[in-house]
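If you read the protein sequences in the order shown, they are chains W and X.
1 is the number of the first residue of the first sequence in this note's numbering; add one for each residue after it.
1001 is the number of the first residue of the second sequence in this note's numbering; add one for each residue after it.
In what follows, a single structure is set out as C-alpha cells and then discussed.
Protein chains: 2
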Amino acid sequence: MDAGDGVRVATERPNARATMKDVARVAGVGVGTVSRVVNGKSNVSEESIAAVNAAIDTLGFRRNDSARMLRTGATASIGLLVEDVADPFFSLLNRSVEEEVLRRDSVLLTASSDKDPERARKMILTFCARRVDGLVITLPEGGDEEYLRAELDAGTSMVFVDRPPRELDVDAVIVDNRGGARTGVAHLIGYGHRRIACFTDRPDLYTASERIAGYRAALKEAGIPFDPELVYSSSTTREPVDEPLGRMLASADPPTAVFAGNNRTSINVIGALRIHNTSLAIVGFDDFELADVVVPGITVVAQDPKAMGQIAMGMLYKRLDGDVSSSQTVTLNTRLIVRGSGELSRDAVLAAR
Amino acid sequence: MDAGDGVRVATERPNARATMKDVARVAGVGVGTVSRVVNGKSNVSEESIAAVNAAIDTLGFRRNDSARMLRTGATASIGLLVEDVADPFFSLLNRSVEEEVLRRDSVLLTASSDKDPERARKMILTFCARRVDGLVITLPEGGDEEYLRAELDAGTSMVFVDRPPRELDVDAVIVDNRGGARTGVAHLIGYGHRRIACFTDRPDLYTASERIAGYRAALKEAGIPFDPELVYSSSTTREPVDEPLGRMLASADPPTAVFAGNNRTSINVIGALRIHNTSLAIVGFDDFELADVVVPGITVVAQDPKAMGQIAMGMLYKRLDGDVSSSQTVTLNTRLIVRGSGELSRDAVLAAR
DNA sequence: ACGATTCGTGGAAACGTTTCCACGCGGCCG
DNA sequence: CGGCCGCGTGGAAACGTTTCCACGAATCGT
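Below is the structure:
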C-alpha cells in the first residue's frame, strides 16, 4: 500500500497493462484461481469468481494471448495467403474463410502474394514463425516449394486453394477449370461459332493454362482447328485488350465469339468491344457483380468461392483435430449461368457486320 | 548422443520444433549467441554465425514469435476491422493497409463486422488480447463504444476509417461524403433535373446519412423542394430496388434522375432501370470496376480507398513512434468522374418517354 | 609492462500465462 | 472413529525468447 517503501506500488505499475498477478493481488486470491476464472474452468467458488471479476473490471485486465500461446502452443490463428485480397474472387474466398475461422474463435492473418513466389514465401514463413495452427494457401506459380515441406514436417497443417499441389502431400480444393472452360466454349460452339477468340491470364498460371486446355478440348471435340492467332494472354489482368482484339477483328477470318478466361479479362473484353464498336458472343470464366446488369447480360462459367473457403476450412480443421489419413484434392464443379451474351448466334453476329 | 541414458536425445525431441537451445547445443555456442545471429545483431564472430546458420538449417529451426512477443511486448501486428472484406471498397482499403503493414514487416489481422456492433466488439477485444500494436477500425453504428476507451487508456493506438469518432479522442480518416454527394447531385441539377431520386443504405449508417444530407444540401441550394417520396433507403445493400423505383416512376411527378448512395446500390439501380425498361440520368457514389463498361458509363463520385489506407497507416505509425500530439481527422475529397450516365439531360430523358 | 578498453561470449533472469502438484478441510463410507 | 475422497485453492515450474550482466582474452595507449 505504501508507495514509498521501495517496493512497487501494490495495485498498478505506471504504464503497463495489468497482469493476472495484479488481479490476484487485488482480488486476494492466487494466480491459479484467476486463470481458472478467466478461462471459465470449473472448481472455483462463487466468491472467488465474483472477487476476480471485480478486480478484472477495476484494473481493466485483458489476458495476454502472447503468453498464453507460448505456454499452450496453440495460437488459435489461421494464415490465409491469396493472390490479392482486393480481387473479387479472392475477397469472397477471404470472407468465407473468415466466417469459418470466427466460428472456431480463432483469428485470421491475411496476405496477398501478388503472384510473386518470393513474397509468398516470406509471408508464409512469417505466418509459420507466428505458429499459426493452419495455412490456407494459393501458391503462386514458379519458385521453390521445398521450404513448405519443412513446415509440413514440423507439423503445420495446410490446404491449397485454387491450385493443386505439385510435389507436396497436402489437401487441396480446386475448381474444374478445364471442364468449366470446355463447357463454356462448347456452349458457344453450340450457337454455331467456329472462330472463337480466347483471352486469358498469363499461361504460366495454373488456372489460366487449365482454362486454355479446356478451350482447346472443346474445339477438338467439335473438330475445329486450333488457331494460335485467336489466343491472347495478357501479362496482367488490368491490361486492356483492345489492341489484340482489334488485330483479330481485322484478320482475314475474324472471330465471332470470345471466351474470356477470368472476370477481369471479361471486363476488359467488354471494354474493348465497345471501343471497336462491335459485338461478339461472349462467355466469361468466373462470375462478377455486374454480369447481369450490362446489356446483354454476360453468360459466365461461375465458380463458388464461398464453398471453396468452407470446404478448405473443413479439411483444415479435420487435420487439426488429428486426422492423418492420406491427403485429398476436392474439385468443385462450375456452373454455366446463361444471361444472353453467350447466346448470340454466329449468324446474328455476322448479320450485324 | 546416447538415447538410452534417460536424458532426452541430444539434437531433437520427437515431435517438437527446434528451439534456440537446440540450435545452441548443435552449434556449440550459447543461446545468447544464437539469438544475436537470428536477429542479425553485431558483435558476433564469423565462425559463430556460420555454425549457428548451419545448425538452423539442419534442425529446421524457426524462431517462435509467441515467445519473442511475450518478451519484447511488441507484436509487430496490426488489426483491421471493416464492414466486409468482400466489399469492393473495403477490399481495396484492406489491400492498401496490407501494403503499409508489409512495409513495416508486420502482420495483418483482418475481420469483418458485418455492421454488427457486438461482432465488432468481440473482434476488437480479441485483437487487443493479441496485443496488436495498432488498430484500424470502421466502427459500426450503434452499440457502446466505451470499451474502446479502456483499450485506448491501456495504450493501444487506433485510427478510425470511413467514420469519425463520436466521443473518443482518436485519429480518423474519412471521406467528404456530404460534399461529394452535394457535388454529384448538383451535377445532375446542372443538366436540368429537378426531380432526383435518392437511393441509399440504411440511414442510421454514418456514411449514408451524410450522403443524404449532401443530397438535400444540393437541392436546397438550387431551390428545389425536398420530397421524401423520392428517397429510398434499403436495409441491405444486396436488396433489389425495382419495386420502390417502380413506385416513383408511376407517380404523378416521376424522377428524371437518380443519385445512388453507394456502389452496390448503383448496380441495383441499373438493374432496376433495366427491369422497368427506362433510362434516367444516374450519378453514383463510389467508383466500381464496371462503371465504364456499361452503356452509358456510370458517372460517379469516386472515393480513394487506397489513399485512405495509406494515410490511416501513416497516422497510426506516427502514434506508434511516440507522437502524442492531439488527435486529428483527415477528410479526403471526392472526385467526380464523368462517364455519360450523369450527363443525360432532363429534356433527353423526357423526350425518350 | 601494465591498467584500460574493447570484443565476443555464455548464462541467468524476466516476460505472463497455463498446468500440475500439494495442501487443508469437510464429509462420507466402512 | 479413522482413512479416503473430492473440492477449492495457492504456488511453482515451464513455455522460448530477449536482454543484461559478467567474464576472459586480446588490443591499445602511455
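No residue lacks a Cβ here, since even glycine has one placed at the ideal position from N, Cα and C.
Predicted model, so just to flag it, every value in this text is computed and none were measured.
- Counting C-beta atoms within 10 angstroms of its own C-beta, LYS115(W) has 16 or more neighbours from the protein chains shown and is therefore classed as buried.
- For SER1112(X), the enclosing beta strand (DSSP E) starts and ends at 1107 to 1112.
- In summary, the residues of the segment 1149 to 1163 of chain X whose CB is separated from some CB of chain W by less than 9 Å are ALA1150, GLU1151, ASP1153, ALA1154, GLY1155, in the order they occur in the chain.
- The three-state reading of DSSP puts PHE1288(X) in coil, since its state is none of H, G, I, E or B.
- Here the alpha carbons of ILE1137(X) and LEU70(W) stand approximately 28 Å from one another.
- The distance from the Cβ of GLY309(W) to that of SER96(W) is about 3 Å, consistent with a contact at the 8 Å cut-off.
- Nearest C-alpha to GLY1297(X) among ILE270(W), GLY184(W), ILE224(W), LEU332(W): ILE270(W).
- Assignment of ALA172(W) by DSSP, reduced to helix, strand and coil, places it in the strand class.
- The beta-carbon of ALA281(W) is placed no less than 8 Å from the nearest beta-carbon of chain X.
- TYR1232(X) is bridged by DSSP to PHE1199(X).
- Using a 10 angstroms sphere on the CB of ALA302(W), the tally of other CB atoms reaches 16 or more, which defines it as buried.
- Residue burial annotation: ARG182(W) is buried, with at least 16 other C-beta atoms found within 10 angstroms of its C-beta.
- Excluding sequence positions up to five before and after VAL1038(X), its CB lies within less than 7 Å of the CB of ARG1063, all in the same chain and listed in chain order.
- Judged by their CB atoms, ALA1257(X) and HIS1193(X) are nearer to each other than the 8 Å cut-off.
- Annotated as proximal: ASP1201(X) and ASN1262(X), with beta-carbon spacing under 8 Å.
- Under DSSP, MET158(W) forms a beta bridge with LEU135(W).
- GLY297(W) is bridged by DSSP to GLY340(W).
- In this structure the segment 1050 to 1061 of chain X does not lie against the segment 1088 to 1104 of chain X, because fewer than three pairs of beta carbons, one per stretch, are closer than 8 Å.
- GLY1184(X) sits in a helix when the DSSP states are folded into three classes.
- Residues of the segment 1068 to 1083 of chain X that bring their beta carbon within less than 7 Å of a beta carbon in chain W comprise MET1069, LEU1070, THR1075, in sequence order.
- Every beta strand (DSSP E) stretch that sits fully inside the segment 222 to 271 of chain W and reaches 3 residues is listed by chain position as 231 to 233, 257 to 260.
- GLY223(W) sits exposed, since fewer than 16 C-beta atoms from the chains shown fall within 10 Å of its C-beta.
- In the three-state scheme derived from DSSP, where H, G and I count as helix and E and B as strand, LEU1205(X) is classed as coil.
- The segment 1155 to 1162 of chain X and the segment 1311 to 1325 of chain X touch, with no fewer than 3 CB-CB distances between them shorter than 8 Å.
- Put simply, the CB of THR265(W) is far from chain X, with every gap to its CB atoms at 8 Å or more.
- For ALA1154(X) against LEU1139(X), the beta-carbon gap comes to about 18 Å, at or over 8 Å, which does not count as contact.
- SER1048(X) sits in a helix when the DSSP states are folded into three classes.
- By the Cβ-count criterion, ASP84(W) is buried, with 16 or more other Cβ atoms from all chains shown falling within 10 Å of its own Cβ.
- Along the segment 1119 to 1147 of chain X, the positions whose C-beta sits under 9 Å from a C-beta of chain W are ARG1119, LYS1122, MET1123, LEU1125, THR1126, PHE1127, CYS1128, ALA1129, ARG1130, ARG1131, read in chain order.
- The beta carbon of THR1110(X) lies closer than 7 Å to those of LEU1080, VAL1085, ASN1094 in the same chain, with the five residues before and after it left out.
- ASP171(W) has a beta carbon lying at 8 Å or more from every beta carbon in chain X.
- Under the Cβ criterion (8 Å, minimum of three pairs), the segment 168 to 175 of chain W does not count as touching the segment 215 to 230 of chain W.
- Here GLU1151(X) has CYS1128 as same chain residues with Cβ atoms under 7 Å from its own Cβ, once five neighbours each way along the sequence are excluded.
- Per DSSP, LEU125(W) is one residue of the alpha helix (DSSP H) stretching across 117 to 129.
- Excluding sequence positions up to five before and after SER1209(X), its CB lies within less than 8 Å of the CB of PRO1203, all in the same chain and listed in chain order.
- In summary, SER106(W) is buried, with 16 or more beta-carbon neighbours lying within 10 Å of its beta-carbon over all protein chains present.
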